[in-house]
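S.K.: Take a look at this one; I'll ask things after.
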Amino acid sequence: MQLFPPPAGARTKTTMDAKKPRNSSLTSFPILKARKKQNLNPGKVESKPLVQAQKPPSKIKDFRMTRFLPKNPNTSIASLPFVDTKGKKNMVNFPRISNKVLLKPPLLYQENQSHNQMPASELKASEMPFHSSIKAEDPKPEEKPPRKHKVPLTAAEALKFFKNELSSYEQSEILGYTELWFLGLEAEKLHVTPEKFSKTSFDDEHGSYIKVLHDHIAYRYEVLEMIGKGSFGQVAKCLDHKNNELVALKIIRNKKRFHHQALVELKILEALRRKDKDNTHNVVHMKDFFYFRNHLCISFELLGINLYELMKNNSFQGFSLSIVRRFTLSVLKCLQMLYVEKIIHCDLKPENIVLYQKGQVSVKVIDFGSSCYEHQKVYTYIQSRFYRSPEVILGHPYNMAIDMWSLGCIMAELYTGYPLFPGENEVEQLACIMEIPKVFLKI
């Protein structure tokens, strides 16, 4: 049988392949065709070949074996034919796939990309594709939604392409938005009908917003994970699809007293942002604020771990004096600006001092949810117990000096690894405070 070069990409026929029986149904073999042969001697039964190789297809005829590679006498490998490269374009005729979208499931982002790793070559926020539900049957070309959409979308565009993937409440809710950056189509949404909607339809029994991972917040932020929780509400790590950056989103509880305190926090954060335009006073910066489903939301720059987590990672061994000194100077820069603005932080503790530059001893003060102006005090019961000043414990009038008391307690804890005054209640807290002078007197 005459040898023909195999098509490009085809598996080469090995010795094991040659030993397979003739009736093997291999698609890579040429088409074999049975042919009758005239029996010249009627008295003698001669063996008939079962199959005979068919002539090669017309496309393969174009290939020319111009020369053979010389056989190496030291090996048992036969000579390989040289295939003319001019005919390679006709070697394989792949079928044309018209609907390439069906080859892969629709994705919201590029494959094998995580939110925490966003290379410079990644799509911009304005080019992010939206997930679209694509069925196996071939829809009409003019009705099939495209794989990618320019964002932001309008409400009309979202209803045109993704109406079936939005909840009934969202179909009416998006009419109040002029820009839709993210729809959260892959999330397990909370289904609330517009007729049964109330101010607490998306809240739990404590008034906190029921978070759904990978769902949207205000059709702009994607919820990635929860990174904090407190009496005020919760903090979520989110992806801002408008600016294509990670942020910390603080979602206030849907309660009147927490909403009132959040308005005070907004006023203070806005003043600090105006004062710290050059970003040198080590305070967290607010990016934006808005209302979503009766919850006040505030977005911040996303920072690193706090000092308590840093001490925990260090097995509560404490840090050297040089590191403690650098942490203290950074916090003092913040307190210096707060003193000029007559602002009391009211909740200074290791959990509210966070790293913001990886690999460097640089910290920022966060969480102004309990803060107030010195002349507009909101609460009398403030500060975390281990860092609570004596005047607050006794119910006396307080001022900005209570933040300096808290900083002193934090400095000692950073050096030793343990709280300076670890009282389990206020009585024990006062007892711990009164024991310290006795220790210094004995020294």
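When you line the sequence shown up against the numbering used here, it's residues 1083 to 1525, in that order. Think of the CB as a built atom: it goes at the ideal place given N, C-alpha and C, for glycine as much as any other residue. The model shown is predicted, which means the values in this text are computed figures rather than measured ones.
Within the continuous alpha helix (DSSP H) that includes S1283, where are the two ends?
M.R.: As a working mapping, residue 1283 is identified with position 201 in the sequence shown. Premise fails: S1283 is in no alpha helix (DSSP H) and is neither H nor E.
S.K.: Who are the Cβ neighbours of I1387 in its own chain at under 7 Å, not counting the five residues just before and after it?
M.R.: Locating residue 1387 in the sequence shown gives position 305, where the first residue counts as 1. Cβ neighbours of I1387 beyond the five flanking positions: V1436, L1437.
S.K.: Kindly give me the distance between the Cβ atoms of V1346 and L1331, rounded to whole angstroms, as I take these residues to be in contact under 8 Å.
M.R.: Counting from one through the sequence shown, the residue named residue 1346 turns up at place 264. Counting from one through the sequence shown, the residue named residue 1331 turns up at place 249. No, V1346 and L1331 are not in contact; Cβ-Cβ is about 19 Å, not under 8 Å.
S.K.: Report the residue ranges of all beta strand (DSSP E) runs contained in full by the stretch 1242-1317; include only those spanning at least 3 residues, in chain order.
M.R.: 1303-1312, all fully within the stretch 1242-1317.
S.K.: Is there a Cβ of chain C sitting closer than 8 Å to that of I1435, yes or no?
M.R.: In the structure shown, chain C does not exist; there is a single protein chain.
S.K.: Tell me, which residues are paired with N1067 by DSSP?
M.R.: Residue 1067 is absent from the structure shown; the chain starts at 1083 and stops at 1525.
S.K.: So, is F1372 buried or exposed, given that buried needs 16 or more other C-beta atoms within 10 angstroms?
M.R.: Counting from one through the sequence shown, the residue named residue 1372 turns up at place 290. The residue in question, F1372, is exposed, as its Cβ has fewer than 16 Cβ neighbours within 10 Å.
S.K.: I need the straight-line Cα distance from K1206 to L1295, nearest angstrom please.
M.R.: Against the sequence shown, residue 1206 aligns to sequence position 124. Against the sequence shown, residue 1295 aligns to sequence position 213. Bear in mind that a pLDDT of 45 at K1206, under 50, signals an unreliable position, so the number given afterwards is only what the model happens to contain. For K1206 and L1295, the distance between alpha carbons rounds to 22 Å.
S.K.: Per the DSSP calculation, S1444 is bridged to which residue(s)?
M.R.: The count along the sequence shown starts at 1 and reaches residue 1444 at position 362. Bridge partners of S1444: none, in fact.
S.K.: Provide the residue span of the beta strand (DSSP E) that contains E1423, from first to last.
M.R.: In the sequence shown, counting from the first residue as 1, residue 1423 sits at position 341. Where E1423 is concerned, there is no enclosing beta strand (DSSP E), given that its DSSP letter is neither H nor E.
S.K.: Which of the three DSSP states, helix, strand or coil, is assigned to M1544?
M.R.: Nothing about residue 1544 can be read from this structure; the chain reaches only from 1083 to 1525.
S.K.: From V1336 to S1402, what does the alpha carbon distance come to, in whole angstroms?
M.R.: For this step, residue 1336 is matched to residue 254 along the sequence shown. For this step, residue 1402 is matched to residue 320 along the sequence shown. Note that residue 1336 is Asn in the sequence shown here, rather than Val. Approximately 44 Å between the Cα atoms of the pair.
S.K.: Under 7 Å Cβ to Cβ from K1369, same chain only, skipping five residues before and after it: list those, please.
M.R.: Within the sequence shown, numbered from 1, the residue matching residue 1369 stands at position 287. Once the five neighbours on either side are set aside, the close Cβ partners of K1369 are V1329, S1381, F1382, E1383.
S.K.: Quick one: measure Cβ to Cβ for P1519 and F1468, integer angstroms, because I've assumed they're closer than 8 Å.
M.R.: Counting from 1 along the sequence shown, the entry for residue 1519 is found at position 437. Counting from 1 along the sequence shown, the entry for residue 1468 is found at position 386. Between F1468 and P1519 the Cβ distance is about 18 Å, and since that is not below 8 Å, they are no contact.
S.K.: Just reading off the alpha helix (DSSP H) that E1347 is part of, what are its end residues?
M.R.: The count along the sequence shown starts at 1 and reaches residue 1347 at position 265. It spans 1338-1357 - the alpha helix (DSSP H) in which E1347 sits, taken as one unbroken run.
S.K.: For E1304, is the classification buried or exposed, using 16 other Cβ atoms within 10 angstroms of its Cβ as the cut-off for buried?
M.R.: Translated into the one-based positions of the sequence shown, residue 1304 becomes position 222. Buried, since its Cβ has 16 or more Cβ neighbours within 10 Å.
S.K.: Going by alpha carbons, who is nearest to Q1418 out of V1447, S1290, S1471, Y1480?
M.R.: Here residue 1418 corresponds to residue number 336 of the sequence shown, with the count starting at 1. Here the closest residue by C-alpha is V1447.
S.K.: For H1457 and K1424, which I take to be in contact (beta-carbon distance under 8 Å), what is that distance rounded to the nearest angstrom?
M.R.: Residue numbering aside, residue 1457 sits at position 375 when the sequence shown is read from its first letter. Residue numbering aside, residue 1424 sits at position 342 when the sequence shown is read from its first letter. 7 Å between Cβ atoms; contact.
S.K.: As a quick exercise: from E1270, H1273, K1338, pick the residue whose alpha carbon is nearest that of G1289.
M.R.: For the purposes of this step, residue 1289 is taken as the residue at position 207 of the sequence shown. Per the Cα distances, K1338.
S.K.: Report yes if the CB atom of S1254 is closer than 8 Å to the CB atom of H1273, and no otherwise.
M.R.: Walking along the sequence shown from the start, residue 1254 turns up at place 172. Walking along the sequence shown from the start, residue 1273 turns up at place 191. No. Outside cutoff.
S.K.: Grouping DSSP H, G and I as helix and E and B as strand, with all else coil, what is Q1458?
M.R.: As a position in the sequence shown, residue 1458 is number 376, starting the count at 1. If DSSP states are grouped into helix, strand and coil, Q1458 belongs with the strands.
S.K.: Okay, do the stretch 1392-1410 and the stretch 1485-1505 touch, 3+ Cβ pairs below 8 Å being the bar?
M.R.: The stretch 1392-1410 vs the stretch 1485-1505: in contact.
S.K.: Look at the alpha carbon of A1240 and the alpha carbon of C1320, and state the distance between them as a whole number of angstroms.
M.R.: Start at 1 with the first residue of the sequence shown, and residue 1240 comes out as number 158. Start at 1 with the first residue of the sequence shown, and residue 1320 comes out as number 238. In a straight line, the C-alpha of A1240 is about 22 Å away from that of C1320.
S.K.: My understanding is that G1315 touches I1333, with C-beta atoms under 8 Å, so please give their C-beta distance in whole angstroms.
M.R.: Indexing the sequence shown from 1 puts residue 1315 at position 233. Indexing the sequence shown from 1 puts residue 1333 at position 251. The Cβ separation is near 5 Å, so the contact holds.
S.K.: Quick one: residues in its chain with C-beta nearer than 7 Å to the C-beta of V1474, no 5 flanking neighbours on either side, listed in chain order?
M.R.: As a first step, residue 1474 is located in the sequence shown; it is residue number 392 there, counting from the start. Excluding residues within five positions, the ones whose Cβ falls inside 7 Å are I1464, Q1465, Y1480, I1484.
S.K.: Where do the ends of the alpha helix (DSSP H) carrying V1474 lie?
M.R.: Taking the sequence shown and counting its residues from 1, the one referred to as residue 1474 is at position 392. Run containing V1474: 1472-1476, per the alpha helix (DSSP H) assignment.
S.K.: Roughly how many angstroms lie between the CA atoms of S1196 and P1432, to the nearest whole one?
M.R.: Walking along the sequence shown from the start, residue 1196 turns up at place 114. Walking along the sequence shown from the start, residue 1432 turns up at place 350. A caution first: S1196 carries a pLDDT of 42, below 50, which makes its placement in the model unreliable, though a value can still be read off. Cα to Cα, the separation comes out at about 30 Å.
S.K.: Rounded to whole angstroms, what is the Cα-Cα separation between Y1291 and S1313?
M.R.: Here residue 1291 refers to the residue found at position 209 when the sequence shown is read from its first residue. Here residue 1313 refers to the residue found at position 231 when the sequence shown is read from its first residue. Distance between the alpha carbons of Y1291 and S1313: 13 Å.
S.K.: What residue does the beta strand (DSSP E) around C1379 start on, and which one ends it?
M.R.: Position 297 of the sequence shown, counting from 1, holds the residue named residue 1379. Residues 1377-1383.
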